[in-house]
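Worksheet: one structure, shown below.
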Amino acid sequence: MFLTTLLSSFSVLFILTTHTGSSSYSLRTTPPILYQSLVNSKSIVMKKHGKSRVPQSLAETESEESERDESSYSSSGSSEDEEEEEIKKELADVTFEELQRARSNGTLSFFQKHKEEKKQKRANKNRPMEASSKKPVSIFREVIQAPKKVVRDPRFESLCGKLDSEGFRKRYNFLYENDLPSERQALKKELKKCKNPEKIHEIEERMSWIDKQLRSGNSAKRIDAEILAKHKKKEREAAKQGKRPFYLKKSEIRKQRLVEKYEDLKSSGKLEAFVEKRRRRNAAKDQRYMPYRRSGDNAE
């Protein structure tokens, strides 16, 4: 039995090589391995070819060999032999060289692989993604997907418009003239009565912030801008009458600022205190440049 099987396998290989003119058919040397390769290649090759390109002798040889195998096998394995015979009949029109090529280029292994898992997607962008209940959920997973936060800087946004510092000052002038000064007076009274250190610290911080806002309202830049705006308004009216425009220098703006400051101090009654403070500051500045008495002058 062994000798007949071996002879039949060599006869099949000999017939293949003689009809195709190629010696590359030593891939399988035993009938079981040859049958297994045919079984695995069934799903690939049957899709490519519809007509017979193998000599009829191959089909006849395979049919004779299948009859000898059926007589040797038991009744329990008859169904398997029938399946192999059907496969061999279907593959009778395919060359052995093409079967070898299908195995070498990985086409066969492609159909043997399991189907890859599909990527999970949302059915709708407003719905959460459906996840498998068999896998544990990560603690970092976003259950509710919030919309993306858009950071907007009003300095560079065209929707916010241009900054008008003078218009802002005019619209909220009541804060600098009434609300902030009255709040500072109330905090000053509360500070005298308060004994809690934390509360005292909060009141002092609030008062320092109010002082800073009030000082910014009376800054030199803002005063210079107001002076320049008033001057431009006068020059426009003069230009309508045919007069030549006059442009203020920085020195002229500085003089007008000092004049306005003098008028404000005089109207508020703080002119004398301001003059005395400025006099002492100038005296201390002059005293730094005065020469000191030497130690040797006392002995004389």
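Counting with mature numbering (1 follows the signal peptide of the UniProt record, and there is no 0), you get residues -22 to -1, 1 to 278 for the letters of the sequence shown. The beta carbon of each residue, even a glycine, is placed where N, CA and C say it ideally should be.
The three-state secondary structure of V128, taken from DSSP, is coil.
Here L77 is buried, its C-beta having at least 16 other C-beta atoms within 10 Å. In this structure, L192 sits near Y154, with a CB-CB distance shorter than 8 Å. In this structure, the CA atom of R147 is about 24 Å from the CA atom of L165. I205 sits close to R235, with the two beta carbons spaced by under 8 Å. Residue I188 holds the alpha-carbon nearest to the alpha-carbon of D157 among I188, A207, R130 and K167. Sequence-distant partners of V115 (beyond 5 residues in either direction) whose C-beta falls short of 6 Å from its own C-beta are missing from its chain. For C172, the secondary structure class from DSSP, reduced to helix, strand or coil, is coil.
Scanning its chain for C-beta atoms nearer than 8 Å, with the 5 sequence neighbours on each side dropped, one finds around I231 the residues D202, I205 and L206, in chain order. If the five residues before and after M185 are omitted, its C-beta is found closer than 8 Å to the C-beta atoms of R162, L165, K166 and L169, all from its own chain and listed in chain order. Remark: C-beta atoms of E238 and F224 do not approach each other more closely than 8 Å. In this structure, DSSP gives I231 a helical state, which the three-state scheme calls helix. For I117, no alpha helix (DSSP H) run applies, since DSSP gives it neither H nor E. Out of G220, Y270, K171 and E144, the CA that lies nearest to the CA of S194 is found in E144. Secondary structure at E64: helix, using DSSP grouped into helix, strand and coil. In the three-state reduction of the DSSP assignment, I178 falls in the helix class, which pools H, G and I.
DSSP places Q163 within a helical segment (H, G or I) once states are collapsed to three.
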